[in-house]
Each structure stands twice: as C-alpha cells, then as structure tokens.
Amino acid sequence: MKFRWTSVAWSIAYLLLLLSLSTPLLLITTLFMIIPAIVLFTTLSTKQFILHIVPVLLIVGLITPFYVLIAIYFLIPALVMGRRYKKRASAMSTLIAGMVAVLGEFLLILLISTTFLQFNLYDYVYDVLQTYTDWLATMGASNPLLSEITISSDQIGMMSWLTIQAIPMTLILSAFIIAVITHSIVRPILNSMEYAVPRLKPAREWRLSRAFIWYYLLGVVLSLLFGGADSGFMLMVSANLLPLLQIAFKIQTIGFLFFLIHERKWSKIVALLLAIPVIVLPGFWIIGVVDLAFPLRELVKKSKR
2 MKFRWTSVAW SIAYLLLLLS LSTPLLLITT LFMIIPAIVL FTTLSTKQFI
52 LHIVPVLLIV GLITPFYVLI AIYFLIPALV MGRRYKKRAS AMSTLIAGMV
102 AVLGEFLLIL LISTTFLQFN LYDYVYDVLQ TYTDWLATMG ASNPLLSEIT
152 ISSDQIGMMS WLTIQAIPMT LILSAFIIAV ITHSIVRPIL NSMEYAVPRL
202 KPAREWRLSR AFIWYYLLGV VLSLLFGGAD SGFMLMVSAN LLPLLQIAFK
252 IQTIGFLFFL IHERKWSKIV ALLLAIPVIV LPGFWIIGVV DLAFPLRELV
302 KKSKR
C-alpha cells in the first residue's frame, strides 16, 4: 500500500474528529469531518478503505453507538466527493455533488425528525429564543444596559416564524460552505500525495448563466405576489430565492472584478480588497447583474486596444 502510514494517520485524524463531537469544539470540527474519509477513499482501494474505516467505527461504537450513525452520516458525502475525485471530475461538478449530498442529508434528517420523531421545528426555535430572552432578563437584573431590552412572547413568535422561513437558505448555504471548505483543503492534500485533481477555474473566469437574470425576475414577481402573505410554501420560496440569487450575483461581481484587474494587469491584492465590500455591503451585487445582462467584459477588452 503506497500510503500505508499516511493512511493510518488519516484514520486516526478521523477518529479524533469523531471523538471531538463530545466537546465544545464540535461546531468547528464538524466543518472538517468529511475530509479524512475523502482522502482515504480517494487514495485507497475499496478494500483498503474498508479496512481503515471499520476499526474507527468499532472504537467510536464502543463509546456510544450514536457516534457510529454520525460517522456513517459524514461518510456519505465523503464517498460522493471521493468518487468524483477518483474520476478526475471537474472541480465544480465535485463541489455541486458534495453540496447536494450534504443538503440531501440535511433534508432527510429534518424529514425523519418531523415525521417519525414528532419534532416540531417551530417549537424548538421558540424554546431556544425564549431561553435566550430569559437569560437576557436575568442579566438585566445586574446590568442596566440589558434591563432596557424587553422581548414579548409575540415578538419571540415572530422571530421564530422568520427563522423558519429562512431555513431553506440556511441549509443551502451551509451545504455550500462545507463543500467549499472541504474541496479547498482536500485538493492540496491530494496534490501533495501525488494524486492530482482538477482545480476550480480562476476567479476571473467565474460566470453565471444568463438564465439567472430570469430567475431573479421570477423571484421579484413572487415577492410582490406572496411577500405579504402570513404563511405558505410560496412565501417561503419568495423569502429565500432572492437572497440566494443575490449571493450568486455577488460571486459574479467578484469574478468581474478579478477579470478587470487581470486585464489591467493590476495586483491581485487590489481585487481582493475590492471583493471585501462586495461580500460585506449590500447593493454591490448589482454589478454582477449588469455583467450578465451586458457585454461588460468584451467592452473592457476593447478598451485596451
């Protein structure tokens, strides 16, 4: 086995990450949970991969069987992305596959919890907000600044409802972030192990399909028609579609800025500095819309002649 000791080290890393779920570090380590499994699956044969993973599952199973379920949960997107790496698939298709796998698991858990375990998401969010409000009230007894903060039950209910409406966007962004972090770390690791995988296109080549303009117009129409509704599926769609599309247009804007900097032969640091307000501040995403609707990049090229 070419990577025998390295593979053992990655198996130990996977075990330590699973054991960290019982510590306060779980919010951080969860983001990196699928990385060791991807490296093992990509660099080993199926039989070797099983021989490395089974001992890990046995050890965590001795601690608590619940950890085995968690390990299997994280193995699924690892296998999906690892298979794409083995096939030398494009970086974007690998990211999308990993994102879809993670998102599918999110939705499956939510479905199982609400259908079979009688889990009420609204009640859970309400209880969390109520606990936080009670904590603020307790702190306000000794802190004059916090004593002025009062939140009624109706306000808690409204915040709970708004939180529920934003769950689709939250799940999609979470799956996207996990996939991006995983690829950003796994790719250089695999390259260092002489297992080259395709990289993402340079930022200057990032371009969305022009169909996104029509998607945005559809989102605007849905927002006008259902934005004032009290509840319903279409309200949830309209509440999540526009923010997600605006994030996509921010990516398009960043791509245009990097293209502009590249054509002008300026330092990439300038592009990075310009990307910060695009990400942080509202409104700059409109540049991405203009870049899609009009041939801005072609005009930049012509202006050089």
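Each residue of the sequence shown is one higher than the one before, starting from 2 at the first, in the working numbering. Ideal Cβ placement from N, Cα and C applies to all residues, glycine included.
(request) Reducing DSSP to helix, strand and coil, say where E195 ends up. (result) For this step, residue 195 is matched to residue 194 along the sequence shown. Note: E195 maps to coil in three-state DSSP.
(request) Express the C-alpha separation of Y127 and Q119 in angstroms, rounding to a whole number. (result) Here residue 119 corresponds to residue number 118 of the sequence shown, with the count starting at 1. Here residue 127 corresponds to residue number 126 of the sequence shown, with the count starting at 1. Each residue's Cα considered, the two are about 16 Å apart.
(message) Check for me: the alpha helix (DSSP H) holding S224 runs from which residue to which?
(response) Along the sequence shown, one-based indexing puts residue 224 at 223. It spans 212 to 227 - the alpha helix (DSSP H) in which S224 sits, taken as one unbroken run.
(request) Check S12 in the structure and name its three-state DSSP category. (result) Within the sequence shown, the letter at position 11 stands for residue 12. Helix at S12.
(message) Let me confirm a value: T44 is counted as buried when at least 16 other C-beta atoms fall within 10 Å, else exposed. Which label applies?
(response) Taking the first residue of the sequence shown as position 1, residue 44 is located at position 43. When all chains shown are included, T44 counts as buried.
(message) Pairs of beta-carbons, one from the stretch 10 to 30 and one from the stretch 160 to 176, closer than 8 Å: are there three or more?
(response) no
(request) Keeping to the same chain, check which residues put their C-beta closer than 7 Å to that of L76; ignore five residues upstream and five downstream. (result) One-based indexing of the sequence shown puts residue 76 at position 75. Cβ neighbours of L76 beyond the five flanking positions: A38.
(request) Could you name the residues of the same chain whose beta carbon sits closer than 8 Å to that of S12, not counting the 5 residues immediately before and after it, in chain order? (result) Stepping through the sequence shown from its first residue, residue 12 is reached at position 11. Excluding residues within five positions, the ones whose Cβ falls inside 8 Å are P37, L41, H53, I54, P56, V57.
(message) If the criterion is Cβ atoms closer than 8 Å, does the pair K1 and I262 meet it?
(response) The requested residue 1 does not occur in the structure, where the chain is confined to residues 2 to 306.
(request) Would you kindly work out how many angstroms separate the C-alpha atoms of I248 and L172, rounded to a whole number? (result) In the sequence shown, residue 248 corresponds to position 247, counting from 1. In the sequence shown, residue 172 corresponds to position 171, counting from 1. C-alpha separation (whole angstroms): 14 Å.
(request) Indicate the three-state DSSP secondary structure (helix, strand or coil) for I35 in the structure shown. (result) For the purposes of this step, residue 35 is taken as residue 34 along the sequence shown, with counting starting at 1. I35: coil per DSSP, three-state reduction.
(request) To the nearest angstrom, report how far apart L297 and V271 are at their CA atoms. (result) Along the sequence shown, one-based indexing puts residue 297 at 296. Along the sequence shown, one-based indexing puts residue 271 at 270. Going by the C-alpha atoms only, they are around 19 Å apart.
(message) Below 8 Å, how does it come out for the stretch 171 to 185 and the stretch 86 to 100: are there three or more Cβ pairs, yes or no?
(response) yes
(request) Please go through the stretch 71 to 113 and give each complete alpha helix (DSSP H) segment of 4 or more residues, from N-terminal end onward. (result) none
(message) Using 8 Å as the threshold, is the C-beta distance between V129 and I179 below it?
(response) By 1-based counting over the sequence shown, the position of residue 129 is 128. By 1-based counting over the sequence shown, the position of residue 179 is 178. No.
(request) Would you mind stating whether L258 and Y216 have Cβ atoms separated by less than 8 Å? (result) On the sequence shown, position 257 is the one that residue 258 refers to. On the sequence shown, position 215 is the one that residue 216 refers to. Not closer than 8 Å, so no.
(request) Please state whether DSSP places W6 in a helix, a strand or coil. (result) For the purposes of this step, residue 6 is taken as the residue at position 5 of the sequence shown. DSSP places W6 in helix when its eight states are reduced to three.
(message) What does the alpha-carbon distance come out to for the pair E195 and L59?
(response) If you number the sequence shown from 1, residue 195 lands on position 194. If you number the sequence shown from 1, residue 59 lands on position 58. Their backbone Cα atoms lie some 31 Å apart in a straight line.
(request) Could you give the DSSP three-state label for F260: helix, strand or coil? (result) Here residue 260 corresponds to residue number 259 of the sequence shown, with the count starting at 1. Helix at F260.
(message) For V198, count the other beta carbons within 10 Å of its own beta carbon; 16 or more makes it buried, fewer makes it exposed. Which is it?
(response) As a first step, residue 198 is located in the sequence shown; it is residue number 197 there, counting from the start. The residue is buried, with at least 16 neighbouring Cβ atoms inside 10 Å.
(request) Decide if S8 is buried, meaning its Cβ has at least 16 other Cβ atoms within 10 Å, or exposed. (result) In the sequence shown, counting from the first residue as 1, residue 8 sits at position 7. So S8 ends up on the buried side.
(request) Can you say whether W286 is buried or exposed, counting buried as having 16 or more other CB atoms within 10 angstroms of its CB? (result) Locating residue 286 in the sequence shown gives position 285, where the first residue counts as 1. When all chains shown are included, W286 counts as buried.
(request) Below 8 Å CB to CB, which residues in the same chain sit around F67 once its five sequence neighbours on both sides are set aside? (result) For the purposes of this step, residue 67 is identified with residue 66 of the sequence shown, where counting begins at 1. None.
(request) From the DSSP output, in three-state form, read off P56 for me. (result) As a position in the sequence shown, residue 56 is number 55, starting the count at 1. In the structure shown, P56 sits in a helix (DSSP, three-state: H, G or I).
(request) Go ahead and pull the three-state DSSP assignment for K266. (result) Counting from 1 along the sequence shown, the entry for residue 266 is found at position 265. Three-state result, K266: coil.
(message) Applying the 10 Å Cβ sphere with the 16-neighbour rule, what's the burial state of M159?
(response) The count along the sequence shown starts at 1 and reaches residue 159 at position 158. Exposed, by the Cβ-count rule.
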